[in-house]
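Respectively, the protein sequence lines represent chains A and B. Take the numbering used here: the last position of the first sequence gets the number 161, and nothing is skipped along the way. Take the numbering used here: the last position of the second sequence gets the number 332, and nothing is skipped along the way. Worksheet: the structure to be examined is printed underneath.
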Amino acid sequence: MKKEKNGFTTIELLVCFVIISSITISLFGVILNYKNKQQIVGIKGEVHRYISTITKMIEDDLIHLKLTSVTISNKSATLQFQDGSSKILNVVENNPSDVVIQYGDATNLINYPIPYVESLTVVNSYLTRSEVYGYPFFEFYLELNHPDIEHNEKIDINYPI
Amino acid sequence: MHKMSKKGFVLAETLIVSVFIMSLFMMFYTNLYPLIGEYEKRSSYDDITSKYTAHFIRKMILQTGNDNLLKGNQDYVDITECPNGYFVNTTMCFAYKEKYHISKMYVTKYHIESFKNMVKTSNLPRGFMEYVENLPKFQTPSNRQAYKRVIVEMTYPNGSITYATIEVIAR
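Printed below as a string of structure tokens:
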């Protein structure tokens, strides 16, 4: 009895395996790349949320309560407002990856630590009063660095006094 | 005894299917990849610092009490060089420009279609063109002629560029 020729030949199977393997390998690279990008986007999102929260909180006070004067001592500022109230803004740097912004009334300072993300560090921070063309500005600057983020993200509040 | 059929795929069939699947993946990849770049680009659009900067420019413009920010058939005005009529104190405007790293400022109609068309045919930097192209047209009812917009571009010392827009209601 003649044996029936049924199914794949070795060559067909080999070619198939090679093609499927190459697709899998290329897809693995793509998916890994997406995974890394997704992690970076997550870190960026976390940093952006932190920056937005701090910026909005301080800028809203500066705009609505109207800043009249500021007293700065190293990394601590006392902001005086038009209605006679005042708020304190401190930057407490224990180490570059453990930095806390403190903001609020003197009796009720609230801590806002930088996000707990690995390798996220503060590379520069200052509170200052500067003049540009004779116009005084209060400036609060805090620059955050992460090796996976192309440009350093920053809190950069400038308010005319 | 009947002759058995020759079952299974031949090499040509396997190849065709593989090429088809590969081209599907390629299409998927090429369409999805630019979306990541698009997301990264948009993170520099209307971020909180830029929005407050636009707010301060708007505040300065409103201090003039100028109800007629665009004259006649003007669709937009370039106010980058702090022109009189848009700022009570031009020195103060320059101080703000320097402090907030402002590299471009425009006052436009609230409905910015004509501004979009101008930007499309101009030699303005690509980033700015893409930002303006990305903006909605901000359609308002015709009885709100006093509604204008300020569009601001900030160029920081580290090379990053951000953009923001905010409405200006002159009266």
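Glycine is no exception: its CB is placed at the ideal position from the N, C-alpha and C atoms.
With a threshold of 7 Å on Cβ separation, who are the neighbours of residue i within its own chain once the five nearest residues in sequence on each side are excluded?
i	result
A/E82	Before going on, a small fix: residue 82 of chain A reads as Gln here, not Glu. The residues are L65, K66 and T68.
B/Q300	H272
A/P147	S119
Taking residue i as part of the alpha helix (DSSP H), name the residues at either end of that continuous run.
i	result
B/Q224	I209 to Q224
B/I263	It is not in any alpha helix (DSSP H) - B/I263 instead sits in the beta strand (DSSP E) that spans I263 to K270.
B/F255	T251 to K260
A/V30	T10 to D61
B/Y292	R287 to N295
B/S275	E274 to K281
Is it buried or exposed for residue i, if we count other Cβ within 10 angstroms and need 16 for buried?
i	result
B/F186	exposed
B/M162	Here the model assigns B/M162 a pLDDT of 49, short of 50, so the residue's position is not dependable, and the following value carries that caveat. Exposed is the call here.
A/K154	buried
A/A106	exposed
B/A215	buried
B/A173	exposed
B/K260	buried
B/I330	exposed
A/I110	exposed
A/K56	exposed
A/I11	exposed
B/V171	exposed
A/I31	exposed
B/K220	exposed
For a contact defined as C-beta to C-beta under 7 Å, what are the partners of residue i on chain A?
i	result
B/N319	H151 and N152
B/T210	T55 and D156
B/M183	I23
B/S179	I19
Within its chain, find whatever has a CB closer than 6 Å to the CB of residue i; leave out the 5 residues flanking it on each side and keep chain order.
i	result
A/G84	none
B/V293	K277 and V280
B/K270	D236
B/G288	I322
A/K121	Contrary to the premise, residue 121 of chain A reads as Thr rather than Lys in this sequence. Result list for A/T121: P96, S97 and N145, in chain order.
B/E314	S264, K265, F289 and Y324
B/D207	A325
B/Y247	I222 and I240
A/Y165	The question about residue 165 of chain A has no answer, for chain A in this structure spans 1 to 161.
Measuring from the CB of residue i, is there a heavy atom of the ligand SAH at a distance below 6 Å?
i	result
B/L193	With respect to the ligand SAH, the structure shown offers nothing to examine, as it has no ligands at all.
Since residue i sits in a beta bridge, which residues does DSSP pair it with?
i	result
A/S69	A/Q80
A/D98	A/N95
A/N108	A/D105
A/R129	A/F138
B/M315	B/I263 and B/T323
A/L89	A/A77 and A/Y103
A/E143	A/N124 and A/K154
B/F299	Partner(s): none; B/F299 has no beta bridge.
Residues of chain B with CB under 8 Å from residue i, in chain order?
i	result
A/Y133	T252, M253, F255, A256 and E259
A/V15	L172, T175 and L176
What are the start and end residues of the beta strand (DSSP E) that includes residue i?
i	result
A/K75	No beta strand (DSSP E) contains A/K75, which DSSP labels as neither H nor E.
A/E153	E153 to P160
B/I197	Counting along the chain, B/I197 falls outside any beta strand (DSSP E), though it belongs to the alpha helix (DSSP H) covering L172 to R203.
A/V117	Note, A/V117: premise wrong, no beta strand (DSSP E); not H, not E.
B/Y237	Y237 to D239
Keeping to the same chain, check which residues put their C-beta closer than 8 Å to that of residue i; ignore five residues upstream and five downstream.
i	result
B/K335	No information on residue 335 of chain B is available, as it lies outside the stretch 162 to 332 that chain B covers here.
A/V123	P96, E143, L144, N145 and N152
A/F8	C16
A/I58	L89, Y103, F140 and I157
B/G233	none
A/I20	none
A/V99	V91, V92, E93, P113, I114, V122, S125 and L142
Since residue i meets chain A, which of its residues come closer than 9 Å, beta carbon to beta carbon?
i	result
B/F186	I23, S26, L27 and V30
List the residues of chain B that residue i touches, going by C-beta distances under 7 Å, in chain order.
i	result
A/S52	I209
A/F137	K260
Quick one: list the residues of chain B neighbouring residue i, beta-carbon separation under 9 Å, in chain order.
i	result
A/K44	E201 and S204
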